[in-house]
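Below is one structure, written out as C-alpha cells; the observations come after it.
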Amino acid sequence: MTATATATTPAATPERSRRSGPIVLVLALCGTAVSLMQTLVVPLLPDFPKLLNTSADNASWLVTVTLLTSAVATPILSRLADMHGKRRMIVVSLLVLLAGSLLGAASDSLVVLIIARALQGFAPALIPIGISTMRDELPPERIGGAVALMSATLAIGGAVGLPLSGVIYESIGWQAVFWGSVVMAVVLLVLVLTVVPESTLRTPGSFDWLGAVLMSVALTSLLLGISKGGSWGWTSQWTLLSFVVAALVFALWAPWELRTGQPLVDLRTSVRRPVLLTNIAALLAGFAMFANMLVAVQQLQLPVVSGVGFGLGVTEAGLAMLPGGLLMVLMSPISASITRRFGPRTTLVGGLLVTGLGYVARVLFDASALQLLIGVAIVSIGVVMSFAAMPVLIMQSVPITETAAANGLNTVVRSIGTSTCSATVAAVLAAGTVAGGFPSEAAVHATSWLAAAAAFLGAAVGFFVPARIAPALAPLPAARPGERPTAVRADAVRRADAGAEVVVRGRVRRSDGRPARLAVVSVLDRSGRQADWSRADNDGRWSVVLPGAGEYLVIYSAEGWAARSELRQLAPEVVPELEVAERLTVAGVISRGGWPIEDALVVLTDATGESVGATRTDEGGHYELGLPPLGRYVLTALDPGSGRSESQDVVVSAQQRRFNMVLPELPEPTESEVAARV
Numbered sequence: 001m002t003a004t005a006t007a008t009t010p011a012a013t014p015e016r017s018r019r020s021g022p023i024v025l026v027l028a029l030c031g032t033a034v035s036l037m038q039t040l041v042v043p044l045l046p047d048f049p050k051l052l053n054t055s056a057d058n059a060s061w062l063v064t065v066t067l068l069t070s071a072v073a074t075p076i077l078s079r080l081a082d083m084h085g086k087r088r089m090i091v092v093s094l095l096v097l098l099a100g101s102l103l104g105a106a107s108d109s110l111v112v113l114i115i116a117r118a119l120q121g122f123a124p125a126l127i128p129i130g131i132s133t134m135r136d137e138l139p140p141e142r143i144g145g146a147v148a149l150m151s152a153t154l155a156i157g158g159a160v161g162l163p164l165s166g167v168i169y170e171s172i173g174w175q176a177v178f179w180g181s182v183v184m185a186v187v188l189l190v191l192v193l194t195v196v197p198e199s200t201l202r203t204p205g206s207f208d209w210l211g212a213v214l215m216s217v218a219l220t221s222l223l224l225g226i227s228k229g230g231s232w233g234w235t236s237q238w239t240l241l242s243f244v245v246a247a248l249v250f251a252l253w254a255p256w257e258l259r260t261g262q263p264l265v266d267l268r269t270s271v272r273r274p275v276l277l278t279n280i281a282a283l284l285a286g287f288a289m290f291a292n293m294l295v296a297v298q299q300l301q302l303p304v305v306s307g308v309g310f311g312l313g314v315t316e317a318g319l320a321m322l323p324g325g326l327l328m329v330l331m332s333p334i335s336a337s338i339t340r341r342f343g344p345r346t347t348l349v350g351g352l353l354v355t356g357l358g359y360v361a362r363v364l365f366d367a368s369a370l371q372l373l374i375g376v377a378i379v380s381i382g383v384v385m386s387f388a389a390m391p392v393l394i395m396q397s398v399p400i401t402e403t404a405a406a407n408g409l410n411t412v413v414r415s416i417g418t419s420t421c422s423a424t425v426a427a428v429l430a431a432g433t434v435a436g437g438f439p440s441e442a443a444v445h446a447t448s449w450l451a452a453a454a455a456f457l458g459a460a461v462g463f464f465v466p467a468r469i470a471p472a473l474a475p476l477p478a479a480r481p482g483e484r485p486t487a488v489r490a491d492a493v494r495r496a497d498a499g500a501e502v503v504v505r506g507r508v509r510r511s512d513g514r515p516a517r518l519a520v521v522s523v524l525d526r527s528g529r530q531a532d533w534s535r536a537d538n539d540g541r542w543s544v545v546l547p548g549a550g551e552y553l554v555i556y557s558a559e560g561w562a563a564r565s566e567l568r569q570l571a572p573e574v575v576p577e578l579e580v581a582e583r584l585t586v587a588g589v590i591s592r593g594g595w596p597i598e599d600a601l602v603v604l605t606d607a608t609g610e611s612v613g614a615t616r617t618d619e620g621g622h623y624e625l626g627l628p629p630l631g632r633y634v635l636t637a638l639d640p641g642s643g644r645s646e647s648q649d650v651v652v653s654a655q656q657r658r659f660n661m662v663l664p665e666l667p668e669p670t671e672s673e674v675a676a677r678v
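Take 1 as the starting number for the sequence shown in full-length UniProt numbering and just add one per residue.
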C-alpha cells in the first residue's frame, strides 16, 4: 500500500525547513556513533589478551556481546519509540551508551568490560529510530537525502572508527577510547535534547513483553552460534545447541506474534512481498558490506612477505580506508536523487550490482594498495546506494505508526548478515592458511567471490520488489493543461502547507457487536491518494496518521466478512466506529426438477476428505456455509426424503462463492416397489 507526499509526509513549512538541517546533522552524528561502537575495540583486540591477562577467545566477547545486545535492544526500543516517543527512546539509547562508556573507562577487568560493551550495544537502535524521526519531522524534499545519509552512517562510522580508535589507543591508551565514547555520548545527548523535537505520532496499545522475551532468546541463540561457531567448532555441542534453541524458540515466537493483537513484529506485514524481499536483500547486503571492511583491512595490514598484504600499520590501514567512508557521505544525496527519479527499487538493485562489480574488480586488480583501495571505493559506492534505498522501501510498505519498528527489524536482519559474513570470512581464511600462518591469495579471493555472489543474489531479490516511486520523495501530481485546481487539490495543498499531521484512532466491529480482529483499514483522500493504512488489533482498534483533519474515503475489511467503504469526516477528537456487516459465505440452492429441497444435508469437504462445514437447507432449498480458505473442495447434498446424494467439485475463489446443485430426477417406481409401499 503506497502513500504519497501530501498524505504521509510532513509539509515543507518555513519552520520545518529551517530546523531540518540541524536535525539531520544531529541524527546523522547519532548514526555514526552506532558504527563507532561496533568498531571501537577492533584495533585493540590483538593486545587485549595481554592487557587484561586473558585468552584471545575470551577477549573476542568484547565484540560478540555488543552484537548480541544490539540484536535484542534494536527491535524492542524501535517498537517502544513508535508507542512512547522517538526522541525519548533516542535519549534512552544514549543514556545506556553513556553508562556503558563510563563503566568501560573506569575498569580494567574483562568481566566488567564485557558488561560495558553489552550496554554500548544499545546504540544501534539509534539508526531505525532516527530514520523514523526524519520521516516525521523533515519536509518532503529533505527526507530522501537525510534517510540516505542516516542509513549510510552504519558503514561510514566503521571507516572512521578504525583509524580513530587506533590513533587514540596508540597515543593515549585503551581507556581513552572509552573516555572518548563518554564525551561523544554526552555531546549527543545535549544536541538531541536541544535540537530534535519529540514526535507526536504514537501507536496506542500495550507492549508485547512475551514476544520481546522470545525474540530476544531466539536472536541471541542464533547470533551466538554464528559468531562463536568458528572458535567453538561448527559441529560442537555448544554451537549445535545454540542453533537448536534458536529454531525452537522461533517456532514458539512466530505463532504468538500471529495471535497477539499488538505484536512486537507484525509478521503479516513483514511477509508482504515488498517488506520480505527488502529484508532478504538487506541480509545479503549486510554480508557484502562487512566483507569490504573486514578483508580489506586485513590485506592492508598483512606483511608483504605473505604475498597478499601491504604491510601497513593499524593506524595507516585505518586512514587508507577513510576515503571510502568519505565517499559514502558524498554519495548519499546522489542516492536520494536516483531514488527520487527512478524509485527505491532501482537504487537498491543498482547499488548491489555496483557492490558485486567492485568485488570482481578487487579479485582481478589487487597488485597494489592503490588498486585495492579503488576496489574498496567501488564497493563503498554500491553499499551506500543499497543501504539508502532500504529504509524508503520499508517505510512505503508499512503503516506510518510502525516505521521505527519495521526499520528496526531491517537493521537486525542486516546485523545477521554482517555476523554471518564475519564467521564465513574467518572460516575461509583459516581454511586457506599457508606456511607462515598467513591466508593464501586463493582464500582472500574466495571471500571476495562470496561477497560478490551475495551482492548479485541480493540484486536479483531486489529486482522482484514491486517498483514504485518513493512516496516520501514524490512531488504533488501536476494538474492537467487547462485544468483548474479542484477543491480537493486546494484542500490537500492547504493541509500540506499547514504541516499538521494528526493521529486518528477508531474501532472496527462485526454485526454482532464483537470486535473485528486483525481487520485492515485503508484511508484515502478524495483524489484516490492513500494517506495511511492500519491493521486492527484483537479488540478491533486501529490508528492512522493523516495530513490533517478532513473528509476521507475509508476502506475496511476483515477475514470472513465483505469489504466496506465510507466517506467519513476524520479528526483526532472523533473516534470512528466501523462495522463489517455482511459475512462471506459459500451459498446456493439445492433442488430437483425445479423444486427446492427442504432440510437437505449440505457438506463441504476439502482435498483430504475432512469436513470443513455442514448445514441444512431451509424451506426454499437455500444453504449457507462459512467461507473456508480459497481453494478446491467437494460439495455434497443429501436428500432426506429419498436418501439419495450428489457430489460435485467446486473451486471457492474471491469471485465464485455461490454453487447451486440440481439432484437427478428420481426413477419411476417399479410395480414391486409400488406393491411394497401399499
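Where a beta carbon is used, it is the ideal one built from N, C-alpha and C, also for glycine. Note that the structure is predicted; figures quoted are calculated from it, not measured.
Apart from the five residues just before and just after residue i, which ones in its own chain have a Cβ nearer than 6 Å to its Cβ?
i: P128; result: S78, A404, N407, G408 and T411
i: R507; result: G540, R541 and E577
i: E619; result: E598
i: residue 703; result: Only positions 1 to 678 of the chain appear in this structure, which leaves residue 703 out of reach.
i: V354; result: I381 and G382
i: A246; result: A218, S221 and L222
Excluding sequence positions up to five away, which residues of its chain have a Cβ less than 8 Å from the Cβ of residue i?
i: V186; result: L98
i: V376; result: N292, A296, M321, G324, G358 and R362
i: R494; result: The predicted position of R494 is uncertain, since its pLDDT is 36 and thus under 50; no value can be drawn from it.
i: R616; result: D599, A600, L601, V602 and Y623
i: R517; result: G261, A536, D537, N538, D539, G540 and A558
Work out the CA separation of residue j and residue i for me, nearest whole Å.
i: L666; j: E646; result: 12 Å
i: T486; j: G550; result: Bear in mind that the predicted position of T486 carries a pLDDT of just 36, short of 50, making it unreliable; the figure below should be weighed with that in mind. So the two alpha carbons sit approximately 15 Å from each other.
i: P139; j: P439; result: 50 Å
i: A470; j: L224; result: Per-residue confidence for A470 stands at a pLDDT of 46, beneath the threshold of 50, marking its modelled position as unreliable; the derived number appears in the next sentence. Looking at the two C-alpha atoms, the distance is approximately 36 Å.
i: Q299; j: P75; result: 35 Å
i: E566; j: V24; result: 39 Å
i: I334; j: L326; result: 14 Å
i: P664; j: S397; result: 52 Å
i: L553; j: P399; result: 17 Å
i: T39; j: L62; result: 11 Å
i: H84; j: T203; result: 8 Å
i: G307; j: I280; result: 36 Å
i: A317; j: I168; result: 15 Å
i: S543; j: G230; result: 46 Å
i: S171; j: V304; result: 26 Å
I'd like to check one pair, residue j with residue i: are the Cβ atoms closer than 8 Å?
i: T420; j: I115; result: no
i: S101; j: F178; result: yes
i: I90; j: V182; result: no
i: L45; j: V196; result: no
i: A581; j: Y623; result: no
i: L393; j: L348; result: yes
i: R632; j: V651; result: yes
i: G31; j: T69; result: no
i: G286; j: T418; result: yes
i: A443; j: G436; result: no
i: M395; j: A282; result: no
i: G548; j: L284; result: no
i: A218; j: W253; result: yes
i: G528; j: L352; result: no
Spatial neighbours of residue i within its chain, please: C-beta separation below 7 Å, excluding the five flanking residues on both sides.
i: T64; result: S227 and K228
i: L201; result: D136, I400, T401, E501, V503 and V545
i: A73; result: G121, F122 and A125
As a quick exercise: from the options, pick the residue whose alpha carbon is nearest that of residue i.
i: S386; options: F456, D266, S231 and S611; result: F456
i: G21; options: G145, M83 and A369; result: G145
i: D82; options: G620, F207 and L40; result: F207
i: A360; options: A320, A288 and T339; result: It should be noted that the sequence gives Val, not Ala, for residue 360. When each option's Cα is compared against that of V360, the closest is A288.
i: S165; options: V305, T315 and A426; result: T315
i: T220; options: I172, T39 and T66; result: T66
i: residue 687; options: R88, L95 and W174; result: Nothing about residue 687 can be reported from this structure: the residues present for the chain run from 1 to 678 only.
Closer than 7 Å: is that where the CB of residue i sits relative to any heavy atom of the ligand PLP?
i: L277; result: The ligand PLP is absent from the structure shown, which contains no ligand whatsoever.
Using a Cβ-Cβ distance under 8 Å, would residue i count as near chain E?
i: R135; result: Annotation note: the requested chain E is absent from the structure, which comprises a single protein chain.
Problem set entry | Touch test, the segment 596–616 against the segment 565–578, Cβ-Cβ under 8 Å, three pairs minimum | no
Exercise. Do the segment 100–114 and the segment 142–150 make contact, defined as three or more Cβ pairs closer than 8 Å?
Worked result: no
For this session: Determine contact between the segment 230–239 and the segment 257–272, defined as no fewer than three beta-carbon pairs at a distance below 8 Å.
Result: no
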